[in-house]
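Those protein sequence lines, which keep their order, are chains L and U. Under the numbering used here, read the first sequence as residues 3 to 113, first letter to last. Under the numbering used here, read the second sequence as residues 406 to 516, first letter to last. All C-beta atoms, glycine included, are put in the ideal place defined by N, C-alpha and C. Remember, predicted model here, so these are calculated numbers, not experimental data.
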Amino acid sequence: GAGVSQTPSNKVTEKGKYVELRCDPISGHTALYWYRQSLGQGPEFLIYFQGTGAADDSGLPNDRFFAVRPEGSVSTLKIQRTERGDSAVYLCASSSGGTIYFGEGSWLTVV
Amino acid sequence: KQEVTQIPAALSVPEGENLVLNCSFTDSAIYNLQWFRQDPGKGLTSLLLIQSSQREQTSGRLNASLDKSSGRSTLYIAASQPGDSATYLCARASGTYKYIFGTGTRLKVLA
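Shown next, in the form of structure tokens:
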């Protein structure tokens, strides 16, 4: 596609529920990133994929968070037993060396 | 801790002014640095990428410089316009992929 696509754009879920956020990177980009951004803050690194493997998942806050990229293209960020503190914008980005391109984000609200 | 600090946090200027946004970082082992623009409720748009071997990059009315020895980067915006109003974020990468973001400078250009 022309840019990084993220779905859903908005998600409201109840505390304790399971959520999946999808990212479709720019075609041909081998590097894929997930970031989380809270209001008034800069994006915070979560995880980085190079191809199908998670090369660095050091930013995942705890074991409720997991991400996959089974075929080296689309990625899914999975959040189990959501908590109100998980409310944020989840940003996906991709790159092919150098410039990094971000999607519009998935706005998650946990009520 | 690899911190990125942006000053000022907010800035309001009349249209036509030249302005400078500052970014400082604690780790001089920098791979590259990017400046991004973020409009309210939107994702990030890359403005300028400065590779570690470079000292500055220019695009239109924007110029970004990088001084690794002092741990600073500046974004210069010439002849500011109301359409420049947004949050500007700098991000540094110490390796080939992991970007650490500042909290941004919220710019408002008054017509």
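Q: Please indicate yes or no: does the CB of K513(U) lie closer than 7 Å to some heavy atom of the ligand NAP?
A: In the structure on display, the ligand NAP does not appear, and there are no ligands present to speak of.
**Q.** A56(L) classed as buried or exposed, judged by whether at least 16 other C-beta atoms fall within 10 angstroms
**A.** buried
Q | Listed by chain order, chain U residues near F104(L) by CB distance under 7 Å | A | G448 and L449
(Q) So, under 8 Å CB-CB, P27(L) and S75(L) are touching, yes? Tell me the CB distance rounded to an integer number of Å. (A) 7 Å
Q: Quick one: which unbroken beta strand (DSSP E) runs of 3-plus residues sit fully inside the segment 8-57 of chain L? Chain order, please.
A: 12-15, 21-26, 33-39 and 46-52
(Q) Classify Y504(U): buried if its beta carbon has 16 or more other beta carbons within 10 angstroms, exposed otherwise. (A) buried
Q. Does Y493(U) come within less than 8 Å of chain L when only Cβ atoms are used?
A. no
Q) Which two residues bound the contiguous beta strand (DSSP E) that contains V112(L)? A) S108 to V112
Q: Determine the extent of the beta strand (DSSP E) in which S485(U) is found, giving its start and end residues.
A: From DSSP, S485(U) is part of no beta strand (DSSP E); its letter is neither H nor E.
(Q) Taking a contact to mean a Cβ-Cβ separation below 8 Å, would you say R511(U) touches A415(U) in this structure? (A) yes
Q. Are the Cβ atoms of L452(U) and Q443(U) separated by less than 8 Å?
A. no
Q) Per DSSP, what kind of secondary structure is D472(U) in: helix, strand or coil? A) strand
Q. When the Cα atoms are used, what is the spatial distance from A95(L) to R66(L)?
A. 21 Å
(Q) Against Q439(U), what residues of chain B qualify as contacts under a CB-to-CB distance less than 8 Å, listed in chain order? (A) Among the chains of the structure shown, chain B does not appear; the protein chains present are L and U.
Q: Give a yes or no on whether the minimum CB-CB distance between F47(L) and chain U is below 8 Å.
A: yes
Q. Going along chain L in order, which residues have a C-beta closer than 9 Å to the C-beta of F506(U)?
A. Y37, Q39, Q43, G44, P45, E46 and F47
Q.
Can you tell me whether P2(L) is buried or exposed? The criterion is at least 16 other CB atoms within 10 Å of its CB, across all chains shown.
A. Limits of chain L in this structure are 3 at one end and 113 at the other, which puts residue 2(L) out of reach.
Q) Can the beta-carbon of Y502(U) be found less than 8 Å from the beta-carbon of Y50(L)? A) yes
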